[in-house]
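**Q** One structure coming up, written as structure tokens, with questions to follow.
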Amino acid sequence: MKVRYIIILMCLLLTNTVIAQNKEKGKLCKINEELIVGTWKLDTIYLKENVQFGDYYYLYEKKFNELRDSSFFVFNANYEYKKITKSEVSTGTWEISPDGTRITIKTDNNNTEDKSRILELNEKILMMNPLSEGSSNSKVILKRQENQ
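The numbering of the sequence shown is the numbering used here, which starts it at 1351 and goes up by one.
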């Protein structure tokens, strides 16, 4: 009889622990949803360590600088998303995972869904790790734009 009570008590304690953890994760989600709203500019992309550009490094650097100077990402409070580059504007929606650690961007133009792990998010920097195939070591850093 005592064994049953102990088992029931342990189950209740475990349930309360899981509920408490889920509340904390929900809190991170809300914080990240508030922090991400605004206009962000591409700053840096760290690629996998084994990428070798060789003679094409100058061309890569030139193209990246063009991309960096013309790429803006707008996250609105109503969960609408806009990506603005030199050659196109794409729209869609964004969503932070319930645990607050990932962002999913769904674009309207081609119905794609891009997922990234949020590595750092504060008032000035959004650092993400794209979860698409082949980009496990990549990092993208966006900086908040104050006057956009």
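From the three backbone atoms N, C-alpha and C, an ideal C-beta is built for every residue, glycine too.
Using a Cβ-Cβ cutoff of less than 6 Å, which residues in the same chain neighbour N1372 once the five nearest sequence positions on both sides are dropped?
**A** Residue confidence is low: N1372 scores 49 on pLDDT, short of 50, so the model does not pin down where it sits. No coordinate-derived value is stated.
**Q** What residue range does the alpha helix (DSSP H) around D1419 cover?
**A** Note, D1419: alpha helix (DSSP H), 1407 to 1420.
**Q** Can you pull the DSSP bridge partners for T1454?
**A** According to DSSP, T1454 bridges with E1445, K1465.
**Q** For K1391, which beta-bridge partners are listed by DSSP?
**A** Partner(s): F1422, K1493.
**Q** Return helix, strand or coil for L1397, following the three-state DSSP convention.
**A** Residue state, collapsed to three classes: coil.
**Q** Would you please verify whether the beta carbon of K1436 is less than 8 Å from any beta carbon of chain D?
**A** This model lacks chain D altogether; it includes just one protein chain.
**Q** Taking contact to mean at least 3 C-beta pairs separated by less than 8 Å, is the stretch 1406 to 1420 in contact with the stretch 1435 to 1455?
**A** The stretch 1406 to 1420 is in contact with the stretch 1435 to 1455.
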